[in-house]
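*Asks:* Residues in the sequence shown are numbered consecutively from 40, following the numbering used here.
Every residue, glycine too, gets a C-beta built ideally from N, C-alpha and C.
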Amino acid sequence: MSTSTVTLPSYEDALATYDPVMGLEVHVELGTVTKMFCGCPTAFGADPNTQTCPTCLGLPGALPVVNAKAIESAIRIGLALNCEIAEWCRFARKNYFYPDMPKNFQTSQYDEPIAFNGYLDIEAAGKTWRIEIERAHMEEDTGKSTHVGGATGRIHGAEYSLVDYNRAGIPLIEIVTKPITGTGEHAPEVARAYVAELRELIKALGVSEARMELGQMRCDANVSLRPIGREKFGTRSETKNVNSLRSVERAVTFEIRRHAAVLNAGDTVIQETRHFHENDGTTSPGRVKEEAEDYRYFPEPDLVPVAPARAWVDELRGTLPELPSVRRNRLQAEWGATDHDMQSIQNAGAVDLIVQTVSLGAPADQARKWWMGELARHANEQEVELGDLAITPAQVAELVTLTAAGTLNDKLARQVIVGVLAGEGSPEQVVAARGLAVVSDDGPLLAAIDEAIAKFPDAAEKVRGGNQGPAGQLIGAVMKTTRGQADAARVRELLLERLSG
């Protein structure tokens, strides 16, 4: 059944009948200098097919060699995820055909991963959730196909396709959760929080920049529904290559509603991959999902097993940095933030943005105020992540400095933010170009005060009589005349002096 032909139930109605079960598979491109099994560089942005060799192109006779740094990064990720590290593991060939995979198989790991049986604790919906990790295994990335022509950018309807093999062979870690149950209505929020926490962990380890918009980290979201009270899992779908936190949440939400529509109609959910569409938050069918046996896994004959020495694993354990959850607790104490405030900051992806802004001289309360207030509002309006806004922590710190110096008030600062986001330059440049500095010169202020007194003589008379309540009306008139650029404190001071005689 096509969900385009039916009305989807509301999210609340879907959850009134069904219990969601999730499984999240996150692929992380490791930040190594060279590829997983050859010496080709991994730098992003090179001309197509300029970072290839016989090994990563799968040419006959070329033999792979394992990247030692990738093994080290995989072990550190496993340790940070509280996993057991294999004493002995092997690579395997995952056989399937696709044009962007030149060998017609992917060198991966199957039943012998480098790390397994771990967990990651996350905060979402006001509580702690333990997400159990099935495994973290090593593999290589595929190339990139570009489908030219057609309306969707996908192969169906395209006039022709181009393949760039620069990405083929870049080291990947795939982190696979065990089935995530018991989240109920919070499932999309938990999925987003897990990917966000994992991203922060990966960045803290320094093994990848984990920039989702560049494909350095992407999530495959598996969703199934089962009637409330039933233990057996339903049939799952897998939404592939979701590349932002917001999209993870939206994809899970949509799939829950879509599955509910299929089941409510008495139909069967198809086990398949799905494509997520950013423009409207929907998914569309990809291909029927294979089972493991369809890939015909077998041990990679050209690579020796990996057997990390226990002393080396213990040494790597000692290199783990302050983990994100520990860091957040420390920052919360330093910033004087409540649990709710810190949860909001984390959910917004603002922790690092605030830390960077504070490091540039802004007080923590001011950095939090602007990132979590006006800038969060702009991010919501633009439907982008906070960190994707066209403003940097350095520019926010500059804005805070201008406000503290009295050059700007909050109203003018908000106008400056609009200018910065529009690409008009730094805060100082926007202030100069738009003429937004606070007016503190007494001459223009006194002229505006006299105009306000003439306009509201009754209010002025009451202030002369000792009732300062109506002063607000007069000050408001001055602010309106000066387009919000007057120094309100100085206006009040001058106004009371003017009416005291």
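Hey, could you find the ends of the beta strand (DSSP E) GLU213 is sitting in?
*Replies:* 210-216
*Asks:* Taking 7 Å as the threshold (beta carbon to beta carbon), is GLU64 in contact with chain D?
*Replies:* Within the model displayed, chain D is absent; a lone protein chain is all it includes.
*Asks:* Counting pairs of Cβ atoms below 8 Å between the region 252-261 and the region 278-286, do you hit three or more?
*Replies:* yes
*Asks:* Less than 7 Å between the beta carbons of THR312 and ARG326, yes or no?
*Replies:* Yes, they are a contact pair.
*Asks:* Report yes or no: do the region 177-189 and the region 219-232 share at least 3 C-beta pairs separated by less than 8 Å?
*Replies:* no
*Asks:* Does the beta-carbon of LEU102 have 16 or more other beta-carbons within 10 angstroms, so that it is buried, or is it exposed?
*Replies:* Counting Cβ neighbours within 10 Å, LEU102 comes out exposed, since fewer than 16 surround it.
*Asks:* DSSP state of PHE293, grouped into three classes?
*Replies:* helix
*Asks:* Ignoring anything shorter than 4 residues or poking outside the region 322-401, list the alpha helix (DSSP H) runs there in chain order.
*Replies:* 349-356, 363-374, 378-386 and 390-398
*Asks:* For the region 169-204, list the beta strand (DSSP E) runs that are entirely contained and at least 3 residues long, ordered along the chain.
*Replies:* 183-187 and 199-203
*Asks:* How would you write the range of the beta strand (DSSP E) that THR278 sits in, first residue to last?
*Replies:* 276-281
*Asks:* Take TYR50 as the anchor and find which of VAL457, HIS225 and LEU535 has the nearest alpha-carbon.
*Replies:* HIS225
*Asks:* In the DSSP assignment, what are the bridge partners of GLN145?
*Replies:* LYS133
*Asks:* Report buried or exposed for ASN106, applying the criterion of at least 16 other Cβ atoms within 10 angstroms of its Cβ.
*Replies:* Label assigned to ASN106: buried.
*Asks:* Measure the beta-carbon distance from ALA109 to ALA175 and round it to whole angstroms, keeping in mind my assumption that it falls under 8 Å.
*Replies:* About 12 Å; that fails the 8 Å criterion.
*Asks:* PHE76 and THR94: beta carbons closer than 7 Å?
*Replies:* yes
*Asks:* Go ahead and label GLN507 buried or exposed: buried means 16 or more other beta carbons lie within 10 angstroms of its beta carbon, across all protein chains shown.
*Replies:* exposed
*Asks:* Please tell me whether VAL60 and THR220 are closer than 7 Å, where the distance is taken between their beta carbons.
*Replies:* Remark: C-beta atoms of VAL60 and THR220 approach each other more closely than 7 Å.
*Asks:* Kindly indicate which three-state DSSP category SER286 falls into: helix, strand or coil?
*Replies:* helix
*Asks:* Give the DSSP bridge partners of VAL67, in chain order.
*Replies:* Paired residue(s): ILE212 and MET256.
*Asks:* Do the region 195-205 and the region 162-178 meet, that is, are 3 or more Cβ pairs less than 8 Å apart?
*Replies:* no
*Asks:* Using a 10 Å radius around the Cβ and a threshold of 16 neighbouring Cβ atoms, would you call ALA131 buried or exposed?
*Replies:* buried
*Asks:* Decide if TRP168 is buried, meaning its Cβ has at least 16 other Cβ atoms within 10 Å, or exposed.
*Replies:* buried
*Asks:* In this structure, what does DSSP give as the bridge partners for LYS61?
*Replies:* With the sequence shown as reference, residue 61 is identified as Met, and Lys is not the correct amino acid for it. Answer by DSSP bridge pairing, in chain order: ILE219 and VAL262.
*Asks:* For the putative contact between LEU475 and LEU451, defined by C-beta atoms under 8 Å, what is the C-beta separation to the nearest angstrom?
*Replies:* 5 Å
*Asks:* I need the boundaries of the beta strand (DSSP E) containing ALA476, first residue and last residue.
*Replies:* No beta strand (DSSP E) holds ALA476; DSSP gives it neither H nor E.
*Asks:* Given a threshold of 16 other Cβ atoms within 10 Å of its Cβ, counted over all protein chains shown, does ASP86 qualify as buried or as exposed?
*Replies:* When all chains shown are included, ASP86 counts as exposed.
*Asks:* ASP160 and LEU211 - do their beta-carbons sit closer together than 7 Å?
*Replies:* no
*Asks:* From what residue to what residue does the beta strand (DSSP E) around ARG313 run?
*Replies:* In the DSSP annotation of this structure, the continuous segment of the beta strand (DSSP E) that includes ARG313 starts and ends at 311-316.
*Asks:* Measuring alpha carbon to alpha carbon, tell me which residue in PRO227, PRO218 and ILE214 is nearest ARG238.
*Replies:* Among PRO227, PRO218 and ILE214, the Cα nearest to that of ARG238 is on ILE214.
*Asks:* I'd like the span of the beta strand (DSSP E) that includes GLY157, first residue to last.
*Replies:* In the DSSP assignment, GLY157 falls within the beta strand (DSSP E) that extends over 154-163.
*Asks:* Cα separation between GLY117 and PHE337?
*Replies:* So the two alpha carbons sit approximately 24 Å from each other.
*Asks:* In the DSSP output, which residue or residues are listed as bridge partners for CYS128?
*Replies:* VAL345
*Asks:* Would you kindly check if the distance between the Cβ of LEU355 and the Cβ of ARG115 is under 7 Å?
*Replies:* yes
*Asks:* For LYS519, does the count of other Cβ atoms within 10 angstroms reach 16, so buried, or fall short, so exposed?
*Replies:* exposed
*Asks:* Let me confirm a value: GLN421 is counted as buried when at least 16 other C-beta atoms fall within 10 Å, else exposed. Which label applies?
*Replies:* Classification of GLN421: exposed, given that the 10 Å Cβ count is below 16.
*Asks:* Report the rounded CA-to-CA distance for ARG250 versus ALA304, giving the unit in angstroms.
*Replies:* 40 Å
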